[in-house]
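So the sequence shown is residues 4 to 492, counted in my numbering.
C-beta atoms are modelled at their ideal positions from N, C-alpha and C, and glycine is treated no differently.
Everything numeric in this text was worked out from a predicted model, so none of it was measured.
Heads up: the structure comes next, in structure tokens.
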Amino acid sequence: MDETPDISRRALVGAILGGTAAAGTFAPVAGYLRRFAPLTGSVWEGARPDPGGRVESPYGPATVRVDEHGVPHVEADTEQAAYFAIGHCQAADRLFQIDLQRRVMSGRLSEVVGEATVDSDEFHLRMDFRGAAEATWDRIKQGPAGAAVEAFADGVNAYIDQGRLPIEFSLLEYEPSRWSPVDTMLMEKQIAWNLTGDFRPVRRARAAEAMGETAASVLFPRRYDHDSPIIRPDETTPEGFPTIGSETQMGNTGKQPAATGASGASWEGLAGWLSEFESPPGTGSNSWLVSGEHTASGEPLVANDPHLSLSIPPVWYEQATYTPDMTVRGVTFPGVPFVVIGATDRGAWGFTNAGCDVVDLYTYERDGKSYRYGDQTRTVDSETRALPVADGRDREVSVEKTVHGPLLDRDGREVAVAWPGLGATRTTEAIYEFERADGVDDHRAATRKFDTPTQCMVYADVDGRTLFHVTGRVPIRRTDGSPVAANRY
4 MDETPDISRR ALVGAILGGT AAAGTFAPVA GYLRRFAPLT GSVWEGARPD PGGRVESPYG
64 PATVRVDEHG VPHVEADTEQ AAYFAIGHCQ AADRLFQIDL QRRVMSGRLS EVVGEATVDS
124 DEFHLRMDFR GAAEATWDRI KQGPAGAAVE AFADGVNAYI DQGRLPIEFS LLEYEPSRWS
184 PVDTMLMEKQ IAWNLTGDFR PVRRARAAEA MGETAASVLF PRRYDHDSPI IRPDETTPEG
244 FPTIGSETQM GNTGKQPAAT GASGASWEGL AGWLSEFESP PGTGSNSWLV SGEHTASGEP
304 LVANDPHLSL SIPPVWYEQA TYTPDMTVRG VTFPGVPFVV IGATDRGAWG FTNAGCDVVD
364 LYTYERDGKS YRYGDQTRTV DSETRALPVA DGRDREVSVE KTVHGPLLDR DGREVAVAWP
424 GLGATRTTEA IYEFERADGV DDHRAATRKF DTPTQCMVYA DVDGRTLFHV TGRVPIRRTD
484 GSPVAANRY
């Protein structure tokens, strides 16, 4: 007799994806998998076929060779034909992964997995990452990088049209929508936020509220033993530069913010909610750049070891692309056509996270939909968006923005978030140009478009020249710690 509880596939997978399945809640897991995904039958027919061979496209044919490590090597006469084939290969290997990621960033995960991810969808809707991705695509679509991204999207959709979907779509009983260039921009917003997203001022405010200012100062010190802050509260901003306020992530903290517009309200609810969506703490990423003057071969060496999260499937996707004008191999993020870390026949490069504080939080004096900004009174921009929930009650989310950015609130406390990635960025163009750089000068020029995330980049070319560069846009600010009262600036 089958004693497995009556639970839907969507509820099972949704609970796992939502991170709410405690040990034993759905035990024995093997029993559910046998019931929902038997080892024979239609659910396994979507298993990835070998993508090697000839890939036809409107841009011309490409040849795909999959090596012994499962890495696709794509050769084509035109770059658009090559990127079409790269899209086809990534979809064959990672379609469910990239579909899940775009749903997370768009606030549409609950639409397929149910109640377990409502809080996540609310956060991502209110941050409006998709709006930022749309603005980014509008900025770059007319250039050569835009044409390559469009070809990549066409390749993903060509694979979707074949109908050989991974098993996860059967378990959740839905089919993926077509991939768009905006979705690729969204993938880049995701990794940028994962590397730089931070709500430390809210956590510090909560600590001061719970334990007092003295304890908060110990937990959030002005400086660490291994670090000297590069900005001091008594330093002035260079003439002609704008000033905004926040702490520096590596050191400076300040006084507990006064309650503005929410007297007596606790920071606990907001701090608890936002803690789920910060970049994970991490140490250990490293890069090594050795001049040829110090190597046995006389050639420079580049070694790169970024310590990102371990996951299944992996964060990275390895690929190699060959056209008459380009040879590039390395790793990228699934959903992104260009090599992020890798090598060409002219040079090699790598990244580690710079750890810069690029998020500023603002509080306001509010009167309904009006808020004080300096000596002005402004109106909050607001619109209502749908949050559909599979097998549950659909919601509506109010997406509100100030001059600084989106408003996030819980239990009477709210902050506006300013982050460089919420605007139109050019990182896609930078990565596209990395693949074509003829040496240090070209690579350095491309880094000027690498708006976000902030990264420590190393590069060496075949002529023996080396480069270390910190990429990304960092706000110029006057520091005083904690969320900043917007009427001060």
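For residue i, the residue or residues it bridges with in DSSP
i, result
"ALA323", "HIS76 and ARG332"
"LYS404", "ASP384 and PRO409"
"GLY350", "ASP464"
"TRP291", "ALA306"
"ARG277", "The residue asked about is misnamed: residue 277 is Leu in this sequence, not Arg. Partner(s): none; LEU277 has no beta bridge."
"GLN145", "Paired residue(s): none; GLN145 is not in a bridge."
"ASN197", "DSSP output for ASN197 lists no bridge partner at all."
"ASP378", "For ASP378, which the question treats as bridged, DSSP gives no partner whatsoever."
"GLU399", "ALA389"
"THR355", "CYS459"
Cβ neighbours of residue i in the same chain (closer than 8 Å, five flanking residues each side left out)
i, result
"PHE244", "Only weak support exists for where PHE244 lies, its pLDDT of 43 falling under 50; the coordinates are left without a value."
"PRO327", "ASP80"
"VAL318", "LEU311, SER312 and PHE336"
"ASP397", "ALA389, LEU390 and PRO391"
"GLU399", "THR387, ARG388, ALA389 and LEU390"
Assigned secondary structure, residue i (DSSP; H/G/I helix, E/B strand, else coil)
i, result
"VAL69", "strand"
"VAL473", "strand"
"CYS459", "strand"
"GLU417", "strand"
"ASP363", "strand"
"ILE344", "strand"
"VAL159", "helix"
"VAL58", "strand"
"ILE479", "coil"
"SER373", "strand"
"THR286", "coil"
"VAL339", "coil"
"ALA268", "coil"
"PRO245", "Below a pLDDT of 50, predicted positions are generally treated as unreliable, and PRO245, at 42, falls in that range; no measurement from the model is reported."
"THR430", "helix"
"ALA440", "coil"
"SER220", "helix"
"ALA211", "helix"
"LYS452", "coil"
"SER180", "coil"
"ALA299", "coil"
"PHE87", "helix"
"SER173", "helix"
"PRO204", "helix"
"THR187", "helix"
"GLU368", "coil"
"ASP394", "coil"
"ARG167", "coil"
"GLY424", "helix"
"VAL318", "coil"
Any non-hydrogen atom of the ligand FMN closer than 8 Å to residue i Cβ
i, result
"ALA427", "Among the components of this structure there are no ligands whatsoever, and the ligand FMN is therefore not found."
Sequence-distant residues of its chain with Cβ nearer than 6 Å to residue i (five each side left out)
i, result
"LEU410", "GLU403, GLU417 and ALA419"
"GLU281", "GLY200, ASP201 and PHE202"
"GLU436", "ALA449"
"SER290", "ASN307, GLY353, THR355 and VAL461"
"PRO75", "VAL67, VAL69, CYS92 and GLN322"
"TYR325", "GLU78"
"HIS407", "TYR365, ALA419 and ALA421"
"ALA148", "THR431, GLU432 and TYR435"
"GLY272", "ARG413 and ASP414"
"ASP228", "Because ASP228 sits at a pLDDT of 46, beneath the cut-off of 50, its placement in the model cannot be relied upon, and the point is left open."
"PRO184", "TRP140, VAL152, GLU153 and ALA156"
Spatial neighbours of residue i in its chain, beta-carbon cut-off 7 Å, leaving aside the 5 residues before and after
i, result
"TRP270", "VAL205, ALA208, ARG209, GLU212 and ARG416"
"ASP454", "PRO423, THR428, ARG429, THR430, GLY475 and ARG476"
"ARG447", "LEU470 and HIS472"
"ALA135", "LYS192, GLY424, LEU425 and GLY426"
"LEU277", "PHE202, VAL205 and LEU411"
"ASP466", "GLY442"
_Meets three-Cβ-pair contact criterion under 8 Å: the segment 347–357 and the segment 452–467_ = yes
*Should the segment 107–114 be called in touch with the segment 123–135, which here means at least 3 C-beta pairs below 8 Å?*
yes
*Evaluate the contact criterion for the segment 145–156 versus the segment 338–345: three or more CB pairs, one atom per stretch, below 8 Å.*
Contact between the segment 145–156 and the segment 338–345 is established, with three or more Cβ pairs separated by less than 8 Å.
_alpha helix (DSSP H) runs wholly inside the segment 90–143, at least 4 long, in chain order_ = Segments of the alpha helix (DSSP H) lying fully in the segment 90–143: 113–116, 121–130 and 132–143.
*Can at least three beta-carbon pairs, one atom from the segment 110–120 and one from the segment 136–147, be found at a separation below 8 Å?*
No: the two stretches stay apart, fewer than three of their Cβ pairs being nearer than 8 Å.
*asked:* Using a Cβ distance threshold of 8 Å, determine whether the segment 90–99 contacts the segment 158–171, with at least three qualifying pairs required.
replied: Short answer: they touch.
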